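Asks: Next up is a structure, given as structure tokens.
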Amino acid sequence: MARRKKLYEGKAKILYEGPEPGTLVQHFKDDATAFNAEKRDVIEGKGVLNNRLSEFFMDGLNTIGVPTHFIRRINMREQLIRSVEIIPLEVIVRNRAAGSICKRLGIPEGEALPRPIVEFSFKNDELGDPLVSEEHIIAFGWASQQDLDDMVALALRVNDFLSGVMLAVGIRLIDFKIEIGRIWDGDFQRLVVADEISPDSCRLWDIKSGDKLDKDVFRQDIGNLAEAYTEVARRLGVLPAMATQMTKPHLIN
Ligand code: TMP
Ligand code: ASP
9 MARRKKLYEG KAKILYEGPE PGTLVQHFKD DATAFNAEKR DVIEGKGVLN NRLSEFFMDG
69 LNTIGVPTHF IRRINMREQL IRSVEIIPLE VIVRNRAAGS ICKRLGIPEG EALPRPIVEF
129 SFKNDELGDP LVSEEHIIAF GWASQQDLDD MVALALRVND FLSGVMLAVG IRLIDFKIEI
189 GRIWDGDFQR LVVADEISPD SCRLWDIKSG DKLDKDVFRQ DIGNLAEAYT EVARRLGVLP
249 AMATQMTKPH LIN
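Shown next as structure tokens:
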């Protein structure tokens with residue numbers, strides 16, 4: 009059997025050439041990294057959970073008319089996606105203060121922000137994904153003013169959707185990061201949500217207990233990451249049997 013061509017390997021995912029032109033296969037690994045890969049581990053089952061969760065969120069977004077790169081899930085760890093030209097920015101939406109905004113601006117963790125705040129970071133591991141302003145983005149040609157307006161609108165629609173879905177299962181969406189890609193149709197481009205949406209790229213707190221159910225569990229060493237992600241998947245009704253067996257045997261029956 010012919011080997012698939014690997015196009016890119018990142019910290020948590022691998023991209024392979026897809027079966028048709030304009031498609032790729034996105035493979036979710038079990039690797040967890042934080043602080044620009046200074047902290048690493050392999051969390052058995054994480055890739056399976058993130059594949060399912062990202063499918064769930066992207067599918068929901070497609071259904072409500074927010075375009076994404078997601079086509080369909082192929083197997084436990086892989087999904088078929090549209091090949092896009094990734095804009096080299098991380099688009100972050102914050103509803104409450106956590107993580108870097110607390111350090112940067114001295115805001116206490118958990119404080120509600122006056123409105124959702126959209127931030128951009130330049131995707132560059134060597135520089136540690138620095139925060140950039142719209143001035144930088146336009147001056148350096150990473151995106152146009154129109155792209156920026158479209159990216160903010162897209163990010164806020166994702167925020168509304170994700171906040172609602174999570175609230176319905178007793179989880180508060182504190183913040184999240186998305187990546188956005190361009191799809192070309194002749195000379196016309198469309199912006200779509202790309203990469204992944206999972207507890208690796210969101211902050212999710214249980215509304216009652218305040219427990220963290222996202223990658224901060226790993227970043228801050230405050231519990232079992234696979235159990236936290238399994239809990240998110242369970243509440244959303246997205247529980248792959250295998251991952252359940254791997255992470256929480258007592259949940260199967
Ligand atoms: P931050 O508070 O560390 O800037 O993170 C903001 C959001 O972005 C949070 O939901 C975690 C997510 N994130 C990523 O997805 N990848 C990253 O490399 C970083 C630093 C944060
Ligand atoms: N994904 C980033 C890394 O590996 C950072 C993070 O999510 O905290 O280094």
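Start counting at 1 in the sequence shown, then tack on 8, and there's your number in the working numbering. Glycine included, every Cβ here is placed at the ideal spot set by N, Cα and C. Because the structure is a prediction, the values reported are computed rather than measured.
(1) What do you get for Asp-137, buried or exposed, if any count of 16 or more other CB atoms within 10 angstroms of its CB means buried?
(2) Could you pull the start and end residues of the beta strand (DSSP E) that Ile-100 belongs to?
(3) Could you check what DSSP says for Glu-17 in three-state terms: helix, strand or coil?
(4) If you follow the beta strand (DSSP E) that Val-92 is part of, which residue opens it and which one closes it?
(5) On the three-state DSSP scale, how would you describe Gly-114?
(6) What's the gap between the Cα of Leu-247 and the Cα of Ile-179?
(7) Do the CB positions of His-77 and Ile-89 come within less than 8 Å of each other?
(8) Would you call Thr-238 buried or exposed, if buried means 16 or more other Cβ atoms sit within 10 Å of its Cβ?
(9) What three-state label does DSSP hand Arg-160 in the structure shown?
(10) Shortest alpha-carbon distance to Arg-227 belongs to which of Lys-37, Lys-47, Thr-31?
(11) Is there contact between the region 211-220 and the region 17-33, where contact requires at least three CB pairs shorter than 8 Å?
(12) Looking only at C-alpha atoms, which of Arg-198, Val-50, Ala-106 sits nearest to Ala-234?
(13) Taking 7 Å as the cut-off, is the CB of Arg-48 close to at least one heavy atom of the ligand TMP?
(14) Using only Cβ atoms and a threshold of 6 Å, which residues come within that distance of a heavy atom of the ligand ASP? Order them by chain position.
(15) By Cβ distance below 7 Å, which residues in the same chain neighbour Leu-121 in space, the five residues on each side in sequence not counted?
(16) Between Ala-106 and the ligand TMP, is the CB less than 7 Å from at least one heavy atom?
(17) Beta-carbon within less than 7 Å of Glu-117's beta-carbon, same chain only, minus the 5 sequence neighbours each way: which residues are those?
(18) Kindly indicate which residue of Pro-207, Lys-223, Ala-236, Asp-168 has the alpha-carbon position closest to the one of Ser-62.
(19) When DSSP labels each residue in this structure, what does Ile-22 get in the three-state scheme?
(20) Tell me whether Ser-5, by its Cβ, gets closer than 7 Å to a heavy atom of the ligand TMP.
(21) When you compare only the Cα positions, how much space is there between Ile-82 and Ile-115?
(22) What residue range is occupied by the uninterrupted alpha helix (DSSP H) comprising His-144?
(23) Leaving out five residues on either side along the sequence, give the residues of the same chain with a beta carbon under 8 Å from the beta carbon of His-258.
(24) When the Cα atoms are used, what is the spatial distance from Glu-204 to Arg-165?
(25) Quick one, are the C-beta atoms of Lys-185 and Glu-98 less than 8 Å apart?
Replies: Taking the coordinates as given:
(1) buried
(2) 97-104
(3) strand
(4) Per DSSP, Val-92 belongs to no beta strand (DSSP E) and is neither H nor E.
(5) coil
(6) 17 Å
(7) yes
(8) buried
(9) A small correction: the amino acid at residue 160 is Val; Arg does not occupy that position in the sequence shown. Residue state, collapsed to three classes: helix.
(10) Lys-47
(11) no
(12) Val-50
(13) no
(14) Lys-19, Thr-41, Ala-42, Phe-43, Asn-44, Ala-45, Lys-223, Arg-227
(15) Arg-102, Asn-103, Arg-104, Ala-105
(16) yes
(17) Ala-105, Ala-106, Cys-110
(18) Pro-207
(19) strand
(20) As shown, the chain starts at 9 and ends at 261. That puts residue 5 outside it, with no answer to give.
(21) 42 Å
(22) 142-147
(23) Residue placement at His-258 cannot be trusted, given a pLDDT of 40 that sits under 50; what the coordinates show is reported in the next sentence. For His-258, where only same-chain residues beyond five positions count, there are no Cβ hits under 8 Å.
(24) 16 Å
(25) yes
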